[in-house]
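Read in order, the letters of the sequence shown are residues 48 to 491 in the working numbering.
Glycine included, C-beta positions come from ideal geometry on N, C-alpha and C.
Just so we're clear, the structure is a prediction, and the values are computed from it rather than from any experiment.
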Amino acid sequence: MPKLTYEDLKNAVSGTAAGFRAVTRLEPLGGPDDKLYPPTFGDAVKVPVPVGESRDERRRSKYALEWRRIEGVPKLCVVLDSVASQANRMEMALLDGYDRGELRFPFARVDFTGATHDDPALDLSSLGGDGYITTLEAPHRLADALLRDSLLDGKPFRYTDPGRRFTEASQSNATPLFTLCPASLVFGLWDSTGPKGGLGSKFQRAIVSEVVGVGVELGTRTSSRIDPTGIEKTDIYEAKQAGEGGSQDWTTDPNEAKLDKKQPVLLKRGGEKAGSPAVINHGNVKPSQDAETGGVTVDYAEQLTVLSLPALRRLRFATTADGERLEGENRRRAEDAARTLLAALALAAIAYQRDNGYDLRSRCALRALGPLNLELLPSDGGEAKSFSLDRVTAKELLDQAKQAAAALGMSWLEEPLTLTPAPKLVGLIRKSRQLTVVEEPTAS
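Shown next, in the form of structure tokens:
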């Protein structure tokens, strides 16, 4: 299988190809018959029945289940990793590549390293692991409220020059996003939190990926806990005086408890019975079964990833990275180079995510059953052409695409745009943490 080259990529983007596709067959790490635990979505709903059947399905599940036609046959399928989750994993793979010094591309971040506090629960200086939340981690990327409520050189971000340019970005001139946060053009963005509200610009996803399990059988989960200390029945009260543990403080002595109408106040937290040892994570958990989140076995799992080249071609670039107007042949060449660079960034996300593996969550680890096969799909129904792609090739493609784009005025900054959180944002996060500590449910 030939390795994808920069010329292949450039010709595909500037030509009429429909896009790239990668289909990866997966199996559970424990073997094809091992149980997997998909993500849960809200309240349990009835398991769907095939179209045309009138039987009443009494089973309920919190998994995203649906019937799909696989090779002409309806099969019950389950979402193992959603489109949004896959996008997040790809963005984190890009950030990993950046942190290792292998990939260089622009993004913005909010610096919380200065938001220290004596109370560990209110110390934000290690938020995100290193004190930074980047646009690759924020749910709405550059349009996220975290950036809106942060400052650049003491001014609200959206009222600075970069912020204003972002606000005015559109499909007709995507250069501001291309220079500030190109990943937003690859993974999609709706600027609904900015000065224009719901009228803010929308950029569709150019890359879509999903992992599904095919041929589903639902299982049952069991749970229990035996407290090794034998703690069972005793009343737990809210402590009269909070020590270093703050709201975590509790007591079994009624004389040391807070009083309400001269009666000691039983400690209540989460959905546990007030005053029971369970509210402080002690005591036994009665053995139980759960069929709504009981895991699944599947015939096989599959990851389907698609990069739409028409979505990239819809992006127009009216100016260079420096703001000079582009016209005529210069604009056509610059636009092709910019789109090719975005495609290279998307392919890097695919390759780097694959190297990170498919351990999606606890008890949902999978492995690929073959190498990454990247197919280039023509738009006229012709035969697909297959290419190999790995992280080394992806890095080379990105570097070559950056050089070609820079030569035509579409250069990237290689250092992130760093903002600081506004005092009210820091206060909001700390207040939320205080309330969460008080109300958090206990673990079972």
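Less than 8 Å between the beta carbons of P75 and Y110, yes or no? Your numbering for residue 75 matches position 28 in the sequence shown. Your numbering for residue 110 matches position 63 in the sequence shown. No. Outside cutoff.
In whole angstroms, give me the CA-to-CA distance for A230 and N328. Your numbering for residue 230 matches position 183 in the sequence shown. Your numbering for residue 328 matches position 281 in the sequence shown. The alpha-carbon atoms of A230 and N328 are separated by roughly 42 Å.
Could you name the residues of the same chain whose beta carbon sits closer than 8 Å to that of T299, not counting the 5 residues immediately before and after it, in chain order? For the purposes of this step, residue 299 is taken as residue 252 along the sequence shown, with counting starting at 1. These residues qualify, in order along the chain: T281, D282, I283, Y284.
Rounded to whole angstroms, what is the Cα-Cα separation between Q447 and G317? What you label residue 447 is simply residue 400 of the sequence shown in a count that begins at 1. What you label residue 317 is simply residue 270 of the sequence shown in a count that begins at 1. Spanning the two alpha carbons is a distance of roughly 54 Å.
Can you grab the Cα-Cα spacing for the pair F204 / G245, in whole Å? Numbered from its first residue, the sequence shown carries residue 204 at position 157. Numbered from its first residue, the sequence shown carries residue 245 at position 198. F204 and G245: Cα-Cα distance of roughly 19 Å.
With DSSP as the reference, label L475 as helix, strand or coil. Translated into positions along the sequence shown, residue 475 becomes position 428. It is helical.
Could you have a look at Q218 and say whether DSSP puts it in helix, strand or coil? To locate residue 218, count along the sequence shown from 1; it is residue 171. Q218 falls in the coil class under three-state DSSP.
Going by C-alpha distance, which of S335, K305, K333 is nearest G322? As a working note, residue 322 is residue 275 in the sequence shown. For the residues S335, K305, K333, the minimum Cα distance to G322 belongs to K305.
Roughly how many angstroms lie between the CA atoms of T387 and L359, to the nearest whole one? Here residue 387 is taken as the residue at index 340 of the sequence shown, counted from 1. Here residue 359 is taken as the residue at index 312 of the sequence shown, counted from 1. Those two C-alpha atoms are separated by around 9 Å.
The alpha helix (DSSP H) enclosing D55, as first and last residue numbers: On the sequence shown, residue 55 is found 8 positions in, with the first residue counted as 1. 53-61 is the extent of the alpha helix (DSSP H) around D55.
My output table needs one value for T366: the three-state DSSP class, helix, strand or coil. The residue you call residue 366 lines up with position 319 of the sequence shown. Reduced to three states, the DSSP call for T366 is strand.
Please say whether D427 and S61 have beta carbons closer to each other than 8 Å? Counting from one through the sequence shown, the residue named residue 61 turns up at place 14. Counting from one through the sequence shown, the residue named residue 427 turns up at place 380. The answer is no: Cβ separation not under 8 Å.
Using only CA atoms, which one of V484, V353, T483, G260 lies nearest to W114? Numbered from its first residue, the sequence shown carries residue 114 at position 67. With distances taken between Cα atoms, W114 lies closest to G260.
Does DSSP classify P382 as helix, strand or coil? Your numbering for residue 382 matches position 335 in the sequence shown. A quick correction: the sequence has Glu, not Pro, at residue 382. Three-state result, E382: helix.
Local conformation of I327 per DSSP, three classes: Residue mapping note: residue 327 aligns to position 280 of the sequence shown, counting from 1. If DSSP states are grouped into helix, strand and coil, I327 belongs with the helices.
Under a three-way DSSP split, which group does P425 fall into? As a first step, residue 425 must be located in the sequence shown, where it is residue number 378. P425: coil per DSSP, three-state reduction.
Would you tell me roughly how many angstroms separate the C-alpha atoms of T489 and S173, rounded to the nearest one? The residue you call residue 489 lines up with position 442 of the sequence shown. The residue you call residue 173 lines up with position 126 of the sequence shown. In this predicted model, T489 has a pLDDT of only 46, less than 50, meaning its place in the structure is not dependable; the value taken from the coordinates is given anyway. Whole-angstrom Cα-Cα distance: 24 Å.
Neighbourhood of S491 by C-beta, 6 Å cutoff - its chain only, sequence neighbours within 5 removed: Stepping through the sequence shown from its first residue, residue 491 is reached at position 444. Any reading at S491 must be qualified, since the residue scores a pLDDT of 42, below 50, and its modelled position is unreliable; no value is offered.
For the alpha helix (DSSP H) that contains V98, what are its first and last residues? As a first step, residue 98 is located in the sequence shown; it is residue number 51 there, counting from the start. Here V98 belongs to no alpha helix (DSSP H), and DSSP marks it neither H nor E.
So P121 is in the beta strand (DSSP E); what residue range does that whole segment cover? The residue you call residue 121 lines up with position 74 of the sequence shown. Start and end: 120-128.
DSSP-derived helix/strand/coil call for I180: By one-based count along the sequence shown, residue 180 stands at place 133. Strand.
Is the beta carbon of S270 sitting closer than 8 Å to the one on S248? In the sequence shown, residue 270 corresponds to position 223, counting from 1. In the sequence shown, residue 248 corresponds to position 201, counting from 1. Cβ distance not < 8 Å, so S270 and S248 don't count as in contact.
Can the beta-carbon of G144 be found less than 8 Å from the beta-carbon of Y405? As a working mapping, residue 144 is identified with position 97 in the sequence shown. As a working mapping, residue 405 is identified with position 358 in the sequence shown. Not a contact, by the Cβ cut-off of 8 Å.
Under a three-way DSSP split, which group does T160 fall into? Stepping through the sequence shown from its first residue, residue 160 is reached at position 113. T160 falls in the coil class under three-state DSSP.
If you draw a straight line from the C-alpha of F364 to the C-alpha of F159, how long is it? As a position in the sequence shown, residue 364 is number 317, starting the count at 1. As a position in the sequence shown, residue 159 is number 112, starting the count at 1. Computed Cα separation, rounded: 34 Å.
Compute the Euclidean distance between the alpha carbons of F154 and P223, then round it to the nearest angstrom. In the sequence shown, the residue the question calls residue 154 occupies position 107. In the sequence shown, the residue the question calls residue 223 occupies position 176. Spanning the two alpha carbons is a distance of roughly 12 Å.
Can you have a look at T163 and say buried or exposed, based on whether 16 or more other CB atoms are within 10 angstroms of its CB? Position 116 of the sequence shown, counted from the first residue, corresponds to residue 163. Exposed.
Output the distance between the C-alpha atoms of A338 and Q133, rounded to the nearest integer angstrom. As a first step, residue 338 must be located in the sequence shown, where it is residue number 291. As a first step, residue 133 must be located in the sequence shown, where it is residue number 86. Spanning the two alpha carbons is a distance of roughly 26 Å.
Which one of L236, D170, V120, L424 has the shortest CA to CA distance from V353? On the sequence shown, residue 353 is found 306 positions in, with the first residue counted as 1. Minimum Cα distance to V353 is reached at L424.
Within a Cβ cutoff of 7 Å, which residues of the same chain sit near D346, ignoring the five residues on either side of it in sequence? On the sequence shown, position 299 is the one that residue 346 refers to. Excluding sequence neighbours, D346 sits near V261, G262.
Report all residues from its chain with a CB closer than 6 Å to the CB of P121; omit the five preceding and five following residues, and keep chain order. Looking up residue 121 in the sequence shown gives position 74. Within the same chain, P121 has close Cβ partners P97, W114.
Checking 8 Å against the spacing of the C-beta atoms, do A395 and A452 come in under that value? By one-based count along the sequence shown, residue 395 stands at place 348. By one-based count along the sequence shown, residue 452 stands at place 405. For A395 and A452, no; Cβs fall outside 8 Å.
Compare the C-alpha of E549 against each of L436, V94, G456 and name the closest. Coverage of the chain is limited to positions 48 through 491, which leaves residue 549 absent and any answer about it impossible.
According to DSSP, E264 sits in a beta bridge with which residue or residues? Against the sequence shown, residue 264 aligns to sequence position 217. BP columns for E264 point to T344.
Quick check for students: name the residue ranges of the alpha helix (DSSP H) that lie wholly in the segment 224-276, counting only runs of 4 or more. 230-234
Suppose you measure from the CA of Y467 to the CA of T214; what does that come to, to the nearest Å? Counted from its first residue, the sequence shown places residue 467 at position 420. Counted from its first residue, the sequence shown places residue 214 at position 167. As written in the sequence, residue 467 is Thr, which differs from the Tyr given in the question. Each residue's Cα considered, the two are about 19 Å apart.
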